[in-house]
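Chains as they are written, first to last, in the working numbering: chain D, -1 to 223; chain E, 29 to 282.
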């Protein structure tokens, strides 16, 4: 019960600080929307090439905005030594990881909805078609992305080139997530049934489970000097 | 050699043996051995770069030693980190406070992490104690350096720690706040809490300590009980050591 309360406190702290300033969310959202708008100039709405490239464009927007959010979220923790404050508290390191990862995932979810809405308008996709499937894909993809991203942002935040180090470390590891999410999204947008995306969802769920566990256990070694 | 106190069967609050910390080829700490009894108040002096903060960070389990042994209440630090943190209060160079949360929200957050009972009430109490009750709804971003330090003190007081590590806690405090901190530290000493203080203020450090330790180049260069030790002697010893850049010498028994 105490663990649960501490986890809620860790997430609540991030949400409260962010909803007060909206600095991170607004920059993430702007970035994602710009990606969608710029790609819209290149592709003709409703064309075959748009259908093929659309899911990739959507996940480019999600992941690039997500990296921005992951980076800023961890920078806030080191600005006044807050990460040390968390380390000094009687809280398991794994719980600190979970708190940060859940907060990061919520921020990415929050930018996914308006980004997808704009994407469906600009690229002439039916917003409601396959929304239930897309919700599951976005959820599983975001969890995996936020889990690994939180761990790697804690590693990269103490490096001199931390802005560039996070995407360099993150994207190679996230390949299975992005690949599965893009393919599953393509199937869902094409109006295919659950049976067509189950395989990709299994990969996403498996990746999430493995990396949540690995990151939970290894976060301790990332935080220690 | 056992690290238990030879005079009694009570384990020292902190026992450090042959502690070494290196950063690459640089030795920040060289074979530090030190014991602090429960309820003892120890002040560490030393010039910049002597290894004081590194030593404190290792004892707080923020940083891992390169080698050596650390026992907290007789337990290896590595095995009892959570229990150690539960009863440890730290005031460091940084405030550990979130700029975009208010003073009250910051303290409430830490109170939850420390499982402080009646957290809201306790937060109001400590805010009153550091003279920030009126500023409770204000964001920390708007606080001056001194006010942030006061709030940092409130954060360290929240869970009524039995062990306190203070790294230059007077930094940025105005006279009133400094006097409040001194009163609090005196009260903690009277309550037999164990205190490890790092400061450059020889007068303040001497007044608040049972024992003085001087670090130089990552080593304990001098240590002595404050009984019979006056400020003039301390000043003379300190400046002789620092000016001479001495290696360990004259390590008096406490």
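Even glycine gets a Cβ: it sits at the ideal position worked out from N, Cα and C.
According to DSSP, is residue i helix, strand or coil?
i                      : result
residue 199 of chain E : coil
residue 83 of chain D  : helix
residue 3 of chain D   : helix
residue 233 of chain E : helix
residue 124 of chain E : coil
residue 220 of chain D : helix
residue 76 of chain E  : coil
residue 193 of chain E : strand
residue 39 of chain E  : coil
residue 227 of chain E : coil
residue 56 of chain E  : strand
residue 104 of chain E : strand
residue 183 of chain D : helix
residue 181 of chain E : helix
residue 18 of chain D  : helix
residue 97 of chain D  : helix
residue 63 of chain E  : strand
residue 32 of chain E  : With a pLDDT of only 48 at residue 32 of chain E, under the threshold of 50, the placement of this residue in the model should not be trusted; the figure read from the coordinates follows. DSSP places residue 32 of chain E in coil when its eight states are reduced to three.
residue 158 of chain D : coil
residue 203 of chain D : helix
residue 44 of chain E  : strand
residue 278 of chain E : Residue placement at residue 278 of chain E is flagged as unreliable, the pLDDT there being 43, under the threshold of 50; the coordinate-derived value follows with that caveat. Residue state, collapsed to three classes: coil.
residue 144 of chain E : coil
residue 91 of chain E  : coil
residue 221 of chain E : coil
residue 190 of chain D : coil
Between the Cα of residue i and those of the options, spot the shortest distance and give me the residue it belongs to.
i                      : options                       : result
residue 142 of chain E : D:40, D:161, D:213 and D:85   : D:85
residue 223 of chain E : E:256, E:184, E:204 and E:246 : E:184
residue 127 of chain E : E:94, E:67, E:243 and E:171   : E:171
residue 49 of chain D  : D:143, D:205 and D:187        : D:187
residue 120 of chain E : E:86, E:108 and E:97          : E:86
residue 109 of chain D : D:220, D:22, D:219 and D:203  : D:22
residue 249 of chain E : E:186, E:61 and E:53          : E:61
residue 180 of chain E : E:145, E:133 and E:104        : E:133
residue 15 of chain E  : E:70, E:108, E:38 and E:144   : The shown model of chain E, from 29 to 282, leaves out residue 15 of chain E, and the question about it has no answer.
residue 139 of chain D : D:202, D:16 and D:20          : D:202
residue 246 of chain E : E:40, E:53, E:59 and E:39     : E:59
residue 219 of chain E : E:202, E:200, E:228 and E:188 : E:188
residue 111 of chain E : E:97, E:244 and E:88          : E:88
residue 193 of chain E : E:50, E:68, E:38 and E:56     : E:68
residue 74 of chain D  : E:169, E:229, E:197 and E:263 : E:169
residue 141 of chain D : D:208, D:219, D:152 and D:181 : D:208
residue 165 of chain E : E:136, E:40 and E:261         : E:136
residue 38 of chain D  : D:53, D:174, D:9 and D:25     : D:53
residue 0 of chain D   : E:57, E:145, E:258 and E:94   : E:145
residue 183 of chain D : D:98, D:127 and D:20          : D:127
residue 178 of chain E : E:190, E:167 and E:202        : E:202
residue 63 of chain D  : D:29, D:124, D:99 and D:123   : D:29
Just reading off the beta strand (DSSP E) that residue i is part of, what are its end residues?
i                      : result
residue 249 of chain E : 247 to 253
residue 97 of chain E  : 95 to 100
residue 244 of chain E : 239 to 244
Taking the continuous alpha helix (DSSP H) assigned at residue i, which residues delimit it?
i                      : result
residue 89 of chain D  : Run containing residue 89 of chain D: none; DSSP gives neither H nor E here.
residue 154 of chain E : 147 to 157
residue 49 of chain D  : 46 to 77
residue 272 of chain E : 259 to 272
residue 117 of chain E : Segment 116 to 119 is the beta strand (DSSP E) holding residue 117 of chain E; no alpha helix (DSSP H) there.
residue 228 of chain D : With chain D running from -1 to 223 in the structure shown, residue 228 of chain D is simply not present.
residue 129 of chain E : Taken as a continuous stretch (DSSP letters only), residue 129 of chain E belongs to no alpha helix (DSSP H), as it is neither H nor E.
Are the C-beta atoms of residue i and some chain B residue less than 9 Å apart?
i                    : result
residue 0 of chain D : No chain B appears in this structure, whose protein chains are D and E.
**Prompt:** Using a beta-carbon distance cut-off of less than 8 Å, what residues from the segment 96 to 129 of chain E approach chain D?
**Reply:** 110, 111, 113, 114, 116, 118, 120, 121, 122, 123, 124, 125, 126, 127, 128 and 129
**At least three beta-carbon pairs within less than 8 Å, the segment 199 to 219 of chain E to the segment 46 to 66 of chain E** = no
**Item:** Inter-stretch contact at 8 Å, needing at least 3 Cβ pairs: the segment 209 to 220 of chain D / the segment 77 to 95 of chain E
**Value:** no
**Message:** Output needed in chain order: residues of the segment 54 to 85 of chain E with a Cβ under 7 Å from some Cβ in chain D.
**Reply:** none
**Prompt:** Relative to chain E, which residues along the segment 70 to 93 of chain D have a C-beta separation below 8 Å, given in chain order?
**Reply:** 74, 77, 78, 79, 80, 82, 83, 84, 85, 86, 87, 88, 89 and 90
**Item:** Touch test, the segment 30 to 47 of chain D against the segment 152 to 161 of chain E, Cβ-Cβ under 8 Å, three pairs minimum
**Value:** no
**Request:** May I ask you to list, following chain order, the residues of the segment 130 to 146 of chain E that have a beta carbon less than 8 Å from some beta carbon of chain D?
**Result:** 133, 137, 138, 140, 141, 142 and 143
**chain D contacts made by the segment 203 to 232 of chain E, where a contact means CB separation under 7 Å** = none
**Stretch-stretch touch, CB-based, cutoff 8 Å, three pairs: the segment 145 to 159 of chain D with the segment 55 to 70 of chain D** = yes
**Message:** Pairs of beta-carbons, one from the segment 76 to 96 of chain D and one from the segment 127 to 144 of chain D, closer than 8 Å: are there three or more?
**Reply:** no
**Request:** Could you name the residues of the segment 150 to 163 of chain D whose beta carbon sits closer than 8 Å to any beta carbon of chain E, in the order they occur along the chain?
**Result:** none
**Item:** Members of the segment 96 to 123 of chain D that neighbour chain E once the beta carbon cut-off is set at 9 Å
**Value:** none
**Message:** Give me the subset of the segment 244 to 255 of chain E whose CB atoms are less than 8 Å from a CB atom of chain D, sorted by chain position.
**Reply:** none
**Asked** Would you say the segment 252 to 271 of chain E touches the segment 102 to 114 of chain E, given that touching needs at least three Cβ pairs under 8 Å?
**Response** no
**Asked** Between the segment 191 to 200 of chain D and the segment 154 to 167 of chain D, do three or more beta carbon pairs fall short of 8 Å?
**Response** no
**Message:** Any C-beta of chain E within less than 7 Å: which residues of the segment 7 to 34 of chain D qualify?
**Reply:** 7, 11, 14, 15, 18 and 19
**Message:** If the cut-off is 7 Å on Cβ atoms, which residues from the segment 172 to 189 of chain E count as contacting chain D, listed in chain order?
**Reply:** none
**Message:** Under 8 Å, with one C-beta from each stretch per pair, do the segment 54 to 62 of chain D and the segment 104 to 121 of chain D reach the 3-pair mark?
**Reply:** yes
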